[in-house]
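Accompanying notes for the structure given below.
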Amino acid sequence: MTSLVSLLDKVTNDRVSGSSEIYSELLEGLQRALALRPTLREWKDFADGLSKVKRSMAPLQNVAGSIRVLLNAQIPEGQFNGFVKGFLTDLREREAKAAERIADDLAKVYQPAKVVTLSYSGTVLSSLSHLPKDVDISVAESLPMGEGLITCQKLLGKGHRATLFRDSMIPSEVRTSDLVLVGADGVSPEGVVNKVGTMSLALAAREFGKPFVVVCATSKLIPVLEMEAVEGGSVKDQVQMREVIFEQVPLEMVTAVVTDEGVLSGEEMKKRLLKDRGNMKVTECQSC
1 MTSLVSLLDK VTNDRVSGSS EIYSELLEGL QRALALRPTL REWKDFADGL
51 SKVKRSMAPL QNVAGSIRVL LNAQIPEGQF NGFVKGFLTD LREREAKAAE
101 RIADDLAKVY QPAKVVTLSY SGTVLSSLSH LPKDVDISVA ESLPMGEGLI
151 TCQKLLGKGH RATLFRDSMI PSEVRTSDLV LVGADGVSPE GVVNKVGTMS
201 LALAAREFGK PFVVVCATSK LIPVLEMEAV EGGSVKDQVQ MREVIFEQVP
251 LEMVTAVVTD EGVLSGEEMK KRLLKDRGNM KVTECQSC
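Quick note on this note's numbering: the sequence shown kicks off at 1 and runs consecutively.
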């Protein structure tokens with residue numbers, strides 16, 4: 001099994017890490033794979049495979065698309081890995097600075113006494129970690145995976161005031177908050193793809209007049225993103241339980257999107273992404 005095949009298998013089967021962490025692991029894995037000098041055939045197989053897994057995670061689709069663009073450029077095989085190394089270096093440097101910039105920009109606009117969030121996101125965790133220790137942070141447990149527990153434990157470990165609550169309590173928790181903060185697996189003109197429960201937060205925020213803010217690196221922005229709900233289910237006491245892992249929230253419901261490039265309203269972000277979509281070449285949209 002080649003390094004690229006092993007990396008693809010690892011990414012495919014990671015069902016615990018947040019999208020930012022999976023993206024960072026992907027970039028590091030690709031950097032290591034370069035030492036084995038993959039062939040053009042191996043890069044093509046990897047890009048094709050990556051484009052078919054976790055299709056709601058924009059950073060992964062962006063990497064797959066970038067590799068395809070390089071392949072379509074007909075770069076000589078002896079030079080191809082050098083081009084991949086160049087774009088990977090740029091991506092890793094940008095990602096390393098993203099969380100800090102996002103946290104700083106968020107703090108300039110919002111100074112909440114209570115924040116509500118859900119699930120687990122490395123970018124959200126970084127932003128929350130920059131808040132004063134006396135800010136109350138309420139975290140939805142985020143079933144069916146329950147990643148909210150991880151967020152709560154990490155915040156408590158950093159000395160923050162964090163509380164885990166049942167998903168059914170989302171409206172009442174939002175009503176007493178000053179800010180609703182979520183991450184994103186991907187942001188496209190159609191909306192923000194994130195863990196199920198995000199729509200409930202958005203609806204509650206709109207109902208109670210609270211800012212609903214998305215924090216994510218620009219690697220999460222993508223002009224075209226295939227929504228992958230990831231449905232499942234289980235049977236308990238002869239009753240079928242239906243489960244959905246991801247859902248999409250329209251950008252019209254988003255107060256602001258904070259990235260490492262600054263702050264845009266949901267409407268402004270939609271216009272930017274639609275413009276990017278209009279500028280796409282056919283070769284950049286093979287899966288559209």
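Backbone N, C-alpha and C define an ideal beta-carbon position, used for all residues, glycine too.
Worksheet item: Would DSSP call Gln111 helix, strand or coil?
Response: coil
Practice prompt. Specify the secondary structure class of Ser17 as computed by DSSP and reduced to three states.
Written response: Of the three classes helix, strand and coil, the one that applies to Ser17 here is coil, per DSSP.
Fill in: Inter-residue Cα distance where the pair is Ala73 and Ser66
11 Å
Worksheet item: Closest to Thr89 by CA distance: which of Pro189, Leu27, Val187, Val193 is it?
Response: Leu27
Discussion item. Please give the ranges of any alpha helix (DSSP H) in the segment 105–185, keeping only runs that are unbroken, at least 4 residues long and fully inside the region.
Written reply: 122–129, 148–157, 170–175
Discussion item. I need the boundaries of the alpha helix (DSSP H) containing Leu50, first residue and last residue.
Written reply: 40–50
Worksheet item: Hey, would you say Pro189 sits closer than 8 Å to Leu274, going by beta carbons?
Response: Pairing Pro189 with Leu274 gives a Cβ-Cβ distance under 8 Å.
Worksheet item: Within this structure, are the beta carbons of Ser129 and Lys195 separated by less than 8 Å?
Response: no
Worksheet item: Going by C-alpha distance, which of Ala103, Glu93, Ser126 is nearest Gly262?
Response: Ala103
Discussion item. Between which two residues does the beta strand (DSSP E) holding Leu264 run?
Written reply: 262–264
Discussion item. On the criterion of 16 or more Cβ atoms from any shown chain inside 10 Å, does Asn279 qualify as buried, or is it exposed?
Written reply: exposed
Worksheet item: Exposed or buried, what is Ala204 when buried is set at 16 or more other beta-carbons lying within 10 Å of its beta-carbon?
Response: buried
Worksheet item: From Val53 to Glu95, what distance separates their C-alpha atoms?
Response: 21 Å
Worksheet item: Would a C-beta distance cut-off of 8 Å place Val193 and Leu225 closer than the cut-off?
Response: yes
Worksheet item: Nearest CA to the CA of Ile170: which residue from Lys210, Phe46, Val84, Glu93?
Response: Lys210
Worksheet item: Should Gly148 be labelled buried (16 or more other beta-carbon atoms within 10 Å of its own) or exposed?
Response: Answer is buried; the Cβ neighbour count reaches 16.
Item to complete: From the DSSP output, read off the bridge partner residues of Ala256.
Response: Val213
Discussion item. Please list the terminal residues of the continuous alpha helix (DSSP H) segment that includes Val238.
Written reply: The sequence shown places Gln at residue 238, not Val. No alpha helix (DSSP H) contains Gln238, which DSSP labels as neither H nor E.
Discussion item. Let's test the definition: count the other Cβ atoms within 10 Å of the Cβ of Ala35 and tell me whether it reaches 16, buried, or not, exposed.
Written reply: exposed
Practice prompt. Quick one: give me the first and last residue of the alpha helix (DSSP H) that Gly197 is part of.
Written response: It is not in any alpha helix (DSSP H) - Gly197 carries neither H nor E in the DSSP assignment.
Discussion item. Going by the DSSP bridge assignment, what does Glu247 pair with across the sheet?
Written reply: Asn194
Item to complete: Assign Cys285 to one of three DSSP states: helix, strand, or coil.
Response: Confidence is the limiting factor: at Cys285 the pLDDT is only 47, short of 50, which leaves the residue's position unreliable, though a coordinate-based value still follows. Of the three classes helix, strand and coil, the one that applies to Cys285 here is coil, per DSSP.
Discussion item. The alpha helix (DSSP H) that contains Arg55, what's its start and end?
Written reply: That residue, Arg55, is in no alpha helix (DSSP H); it is neither H nor E in DSSP.
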